[in-house]
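Working notes, beginning with the structure itself.
Protein chains in written order, with this note's numbering: chain Z, 11 to 348; chain X, 2 to 358.
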């Protein structure tokens, strides 16, 4: 007698999509409209918020994924942002000719080269960071926080050693400067580019996570790492890969952020980390989708309050975080394990 | 017996450590007579304040196992509380106490709220929340410039007894004038000593034992019937109050309260470095660590400058030894000490003295 395992013909039940957090964004934007008053200003602010949100998302996504997968929170993540931005100057400053040329192609290729180099360097740095700094302290939260913080101090000081103690101005390429007028609303070109890059990164990440084997393993690892190991996959290798990818993205975010600010300081990474932490807490630690929405929320709120009441701009993010956590204590999209 | 009571039964347990502690305390106690220069006095007073500040942080990090990045916020509240009160009311003792009371209440309320809000969850969560809140607070303090003086901070007058111009007695004692600066120094010194001994009492009490139990295994502590949230929050509040007092002392000494001296993130980093290098989980680590660190901060840089000037020919090396890069070396030392001697200098010394037995 043979045992036949009857596979049911019916499909597996689909995951119910949790839409409530998705609705928060448009509601927030609509609520801000009467407060801001004028429609063109509102459009400008919203686009600016989206651009800033995309950049924060790029920087935060790697961090939240690393935390989700391996329970490691890297307080030194900000160092990758700074290093990325500073590495870009190695290409952008000598290639001023291409940058200032009035040709989109030359501008783009200079920028592309800079971003490629920055991502390469931060990726390598991420790998070294994982090997040297993080590996010996798996599972020990207290030591992790201390040691990654120490790693960040060292990295920040090394930037000073290599690039000198001064701020470095980083002008935008010619063709990305200036604004596009849509009706009465002025939209900076660079912000549109940032939104586009952010969307591409999000889409790529979404596809990799949901449509590939590697993505499946990563998601499974986030839910239950031991089970994935028991099935014969080396989650350690997967983790190193994710860590490197996360640092690479931080490097990309650093270049974008540096060009956005047009001024580089070694502390820029640790400054932005505050927002990044708020974002990943709001999104739910370990959740990429939550991180995306959280980043946009934080940036929009920062922009609206920056316009309405500039003095409380940063405090507004804390209030936002408190409000979200009162609504959903584990963040917008809690990851099942935690 | 008296010593036993004073130190709450927590002796240094190492001859070298005991000698080092004695030397530091003696040097600090006699600082105005031994090192009369303005700079040396400033170093000594800063060491006193930092001993208290770091010891109160160690209560959180070393004893309870909580990583907080909001310690400078409480320190800043203390400094600003006294400073702004003296600035707006005028240089009276009433203003000092009013400012201190308001600051203490604010610190306590904030510590309670943050603690109850986030200490239920993991250590990592608390670390992130405090980082966010503290940086928001620092920005708020520099934004509300009408009230706080913004980036420039506030200078203010202190009560007459503490002013440099004030003379208690006309004659000089051992060649040192008994003026207001000296009195302020001893106010700082004895307050710091009292607060340190108080903290020593706390960590060696049954309450302190529970905190250590929570650090070692919070689940087990909870199972034994201790409400870990309550204990953690209490430790958080206590440490916030002591940090506030330290901030108030610093403000009285500097006669200035500003973001760079109190709220800056670099100070938070300094505190972390001192705790870890000095030794987590022992308050003596705070004493040794602060003394070494502040001395290094003020005098090591001169040494590095010489080395750097000598190596101008070697470009990168000269940069590595540039006096402004001293934090780099401390960062490396920090990472190494987390790996190789997590109990810090004090732990090393105590172990070394235990081996022969």
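The beta-carbon is built from N, C-alpha and C at its ideal position, and this holds for glycine as well.
Since the model is a prediction, treat every value here as computed from it, not as a measurement.
Determine the burial state of residue i: buried for a count of at least 16 other Cβ atoms within 10 Å of its Cβ, exposed for fewer.
| i | result |
| --- | --- |
| residue 102(X) | exposed |
| residue 315(Z) | buried |
| residue 328(X) | buried |
| residue 267(X) | exposed |
| residue 220(Z) | exposed |
| residue 345(X) | buried |
| residue 84(Z) | buried |
| residue 110(X) | exposed |
| residue 218(X) | exposed |
| residue 336(Z) | exposed |
| residue 155(Z) | buried |
| residue 194(Z) | exposed |
| residue 203(X) | buried |
| residue 36(Z) | exposed |
| residue 210(X) | exposed |
| residue 16(X) | exposed |
| residue 94(X) | exposed |
| residue 288(Z) | buried |
| residue 110(Z) | exposed |
| residue 360(X) | The structure shown does not extend to residue 360(X), since chain X spans only 2 to 358, so no value can be given for it. |
| residue 168(X) | exposed |
| residue 317(Z) | buried |
| residue 352(X) | exposed |
Answer with yes or no whether the minimum CB distance from residue i to chain X is below 7 Å.
| i | result |
| --- | --- |
| residue 228(Z) | no |
| residue 157(Z) | yes |
| residue 288(Z) | yes |
| residue 189(Z) | no |
| residue 178(Z) | no |
| residue 152(Z) | yes |
| residue 235(Z) | no |
| residue 106(Z) | no |
| residue 144(Z) | no |
| residue 358(Z) | As shown, chain Z starts at 11 and ends at 348. That puts residue 358(Z) outside it, with no answer to give. |
| residue 163(Z) | yes |
| residue 10(Z) | This structure does not reach residue 10(Z), given that chain Z is present from 11 up to 348, and the question cannot be answered. |
| residue 345(Z) | no |
| residue 160(Z) | yes |
| residue 205(Z) | no |
| residue 284(Z) | yes |
| residue 11(Z) | The predicted model places residue 11(Z) with a pLDDT of 47, which falls under 50 and marks its position as unreliable; any figure quoted below should be read in that light. False, the Cβ-Cβ gap to chain X never drops below 7 Å. |
I want to see whether chain Z comes within less than 7 Å of residue i, judged by CB atoms only; does it?
| i | result |
| --- | --- |
| residue 357(X) | Note that residue 357(X) scores 49 on pLDDT, short of 50, meaning its location in the model is unreliable; the coordinates nonetheless yield the value given after this. So no, residue 357(X) is outside the interface. |
| residue 66(X) | yes |
| residue 321(X) | yes |
| residue 344(X) | no |
Can you give the beta carbon distance from residue i to residue j, rounded, assuming they're within the 8 Å contact cut?
| i | j | result |
| --- | --- | --- |
| residue 139(X) | residue 68(X) | 18 Å between Cβ atoms; not a contact. |
| residue 299(Z) | residue 345(Z) | That belief does not hold up - the Cβ atoms of residue 299(Z) and residue 345(Z) are roughly 10 Å apart, past 8 Å. |
| residue 82(X) | residue 100(X) | 4 Å |
| residue 88(Z) | residue 283(Z) | 4 Å |
| residue 75(X) | residue 241(X) | 4 Å |
| residue 131(X) | residue 264(X) | Rounded, the Cβ-Cβ distance is 13 Å, inconsistent with contact. |
| residue 243(X) | residue 200(X) | 7 Å |
When you measure from the CB of residue i to every non-hydrogen atom of the ligand GDP, does any distance come out below 6 Å?
| i | result |
| --- | --- |
| residue 185(X) | The model depicted lacks the ligand GDP and carries no ligand whatsoever. |
Residues of the stretch 66-83 of chain Z with Cβ closer than 7 Å to any Cβ of chain X, in chain order: From the stretch 66-83 of chain Z, only 83 have a Cβ closer than 7 Å to chain X.
Members of the stretch 323-340 of chain X near chain Z, C-beta cut-off 7 Å: 325, 326, 328, 329, 332, 333, 335, 336, 339, 340
Is the number of C-beta pairs between the stretch 88-104 of chain Z and the stretch 226-238 of chain Z that are closer than 8 Å three or more? Touching, no.
Closer than 8 Å between beta carbons: that is the criterion. Which residues of the stretch 121-143 of chain X meet it against chain Z? Of all residues in the stretch 121-143 of chain X, 123, 124, 125, 126, 128, 129, 130, 132, 133, 134, 136, 137, 140, 141 have a Cβ within less than 8 Å of some Cβ in chain Z.
At least three beta-carbon pairs within less than 8 Å, the stretch 84-103 of chain X to the stretch 211-227 of chain X: no
Using 8 Å as the cut-off, can you tell me whether the stretch 47-66 of chain X makes contact with the stretch 275-291 of chain X, which would need three or more C-beta pairs spanning the two stretches below that distance? yes
Taking contact to mean 3 or more Cβ pairs, one atom from each stretch, closer than 8 Å, check whether the stretch 183-202 of chain Z and the stretch 113-124 of chain Z are in contact. Yes, since at least three Cβ pairs between the stretch 183-202 of chain Z and the stretch 113-124 of chain Z fall closer than 8 Å, the two stretches touch.
Touch test, the stretch 2-20 of chain X against the stretch 70-83 of chain Z, Cβ-Cβ under 8 Å, three pairs minimum: no
Stretch-stretch touch, CB-based, cutoff 8 Å, three pairs: the stretch 304-312 of chain Z with the stretch 58-77 of chain Z: Here the stretch 304-312 of chain Z lies against the stretch 58-77 of chain Z, with 3 or more beta-carbon pairs under 8 Å apart.
With three or more C-beta pairs closer than 8 Å as the rule, is the stretch 202-217 of chain Z touching the stretch 127-147 of chain Z? no
Contact the stretch 247-266 of chain X vs the stretch 152-164 of chain X: 3+ CB pairs below 8 Å: yes
Using Cβ-Cβ distances below 9 Å, what residues of the stretch 165-177 of chain Z are close to chain X? 165, 166, 167, 168, 170, 171, 172, 174, 175
Is there contact here, the stretch 181-194 of chain X with the stretch 33-51 of chain X, by at least three beta-carbon pairs under 8 Å? Judged by Cβ distances under 8 Å, the stretch 181-194 of chain X makes contact with the stretch 33-51 of chain X, as three or more pairs qualify.
Taking three-plus beta-carbon pairs below 8 Å as touching, is the stretch 167-185 of chain Z in contact with the stretch 95-104 of chain Z? yes
Check distances from the C-beta atoms of the stretch 250-273 of chain X to those of chain Z and list, in chain order, the residues that come in under 8 Å. 266, 270, 273
Across the stretch 248-256 of chain Z and the stretch 127-136 of chain Z, are there enough close Cβ pairs to call them in contact, namely three or more that are closer than 8 Å? yes
Against chain Z, which members of the stretch 52-81 of chain X pass a CB distance test of less than 7 Å? 66, 68
Three Cβ pairs or more, each shorter than 8 Å: is that satisfied between the stretch 292-299 of chain X and the stretch 37-46 of chain X? yes
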